[in-house]
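Working notes, structure below.
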Amino acid sequence: MADDFDFVSFQAGIPRKKGRSPGITNRGNVYGFIGVNGPEILFNLDPSPIVAPDGQPVAAYRGYDRNIRPSFKKEGQYTQILFQVSFGQVKKFQRGIYKIALSALAYFVGVNELYKRKYDKLRQYVCEGKGTRHFMVLAEDDSNGYFHTFAPPFVSPTGDYALEFRLACVRFIVDLSESESYLPAIAATAKQEVGENGWTIVPS
C-alpha cells in the first residue's frame, strides 16, 4: 500500500521502512530524494537511463503503469509541473484497505464480532484474494497535515457495519456488509454532502 502514498509521504517527510530517509523509488523514471538543499523530485523523460545527483540510477520513461510523463506550464518566473497517478487500483492495495477496516472494527466492537459467518467472505478476500470488494475514496485537504485517524463504525438499518478512516490525506469508507448492501446508501450520502466530484468508488 505504501507505494500509492509515495508522493504525499515524501512531501510530508515521512521516513521509509527501516528508518531510511524519505524517498520516491518505485516509479521507474521518477526519483525523489533528499538533496543538499532539501527534497528533490527528478523526472527522467530521456530515452535512456540517467544518474541522479546522489548517484542513484533513474530508468528511462517506458510508458509503464507507474511511469509518469508530466506536462509543464510556465507561470511568470515559476514553472508548474502537472501529472496524474493512479491510486488504489491494485488488488493488493484494496485487500489492504479491507484488512485495516476489519482490524479497526475488531478494536471498536470486539474480536468476537468478526468470528460471525457473515464475515467469512471478507476474511477470504483479505487472506486469499477471493472475489471483488469496493470502497469509497474521498479527497481530504492535505493542508491539515499527514495523519491517520479512525472514526467509530456506523451501523446500517440491517445491522451491518461500515468504517470510515483517514490515511495520510485520503479518507476511506468501507462497507463491511456481506454483499456490500450498504454501499449505495454511502454513495447517495456522498452525492448529497460532497456533490458529484471529490469522491469515487474503488475499484471503478
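If you number the sequence shown the way my numbering does, the last residue is 223 and the count never jumps. Even for Gly, the Cβ is constructed at its ideal location relative to N, Cα and C.
CB-CB length for residue i against residue j, believed under 8 angstroms
i: Gly107; j: Val221; result: 4 angstroms
i: Ser159; j: Arg190; result: In the sequence as displayed, the identity of residue 159 is Glu instead of Ser. With 8 angstroms as the limit, Glu159 and Arg190 qualify as a contact, their Cβ atoms being about 5 angstroms apart.
i: Ile100; j: Phe91; result: 6 angstroms
Strand pairing of residue i, partner residues [DSSP]
i: Met155; result: Ile192, Ile220
i: Ile53; result: Pro58
i: Phe181; result: Residue 181 is actually Ala in this sequence, not Phe. Looking at the DSSP assignment, Ala181 forms a beta bridge with Phe173, Asp194.
i: Thr98; result: Lys93
i: Thr168; result: Arg185
i: Ile43; result: Gly51
i: Val145; result: Note: Val145 sits in no beta bridge, so no partner.
i: Val27; result: Per DSSP, none; premise fails for Val27.
i: Val77; result: Ile69
Pick from the options that is closest to residue i, judged by C-alpha positions
i: Pro192; options: Gln75, Tyr97, Leu121; result: Just to set this straight, residue 192 is Ile in the shown sequence, not Pro. That would be Leu121, whose Cα lies nearest to the Cα of Ile192.
i: Ser105; options: Pro41, Phe26, Leu186; result: Phe26
i: Pro76; options: Gly82, Gly51, Ser175; result: Gly51
i: Pro103; options: Thr168, Glu94, Arg185, Ile87; result: Sequence check: residue 103 is Gln here, not Pro. Residue Ile87 is the option with its Cα nearest to Gln103.
i: Asp65; options: Ala71, Ala78, Ile53; result: Ala78
i: Tyr166; options: Ala187, Leu195, Val174, His153; result: One point to set straight first is that residue 166 is Phe, not Tyr, in the sequence displayed. Ranking Ala187, Leu195, Val174, His153 by Cα distance to Phe166 puts Ala187 first.
i: Asn48; options: Asp84, Arg185, Val174; result: Asp84
i: Leu251; options: Asn216, Arg185, Thr177; result: In the structure as shown, the chain starts at 20 and stops at 223, and residue 251 therefore has no counterpart that could be examined.
i: Ser200; options: Gly95, Asp161, Arg152; result: Arg152
Residue i classed as buried or exposed, judged by whether at least 16 other C-beta atoms fall within 10 angstroms
i: Ser28; result: buried
i: Glu147; result: exposed
i: Val70; result: exposed
i: Pro16; result: Residue 16 is absent from the model: the chain starts at 20 and stops at 223.
Checklist line | 3-residue-minimum beta strand (DSSP E) runs that sit fully inside the segment 189-221, ordered along the chain | finding: 189-194, 218-221
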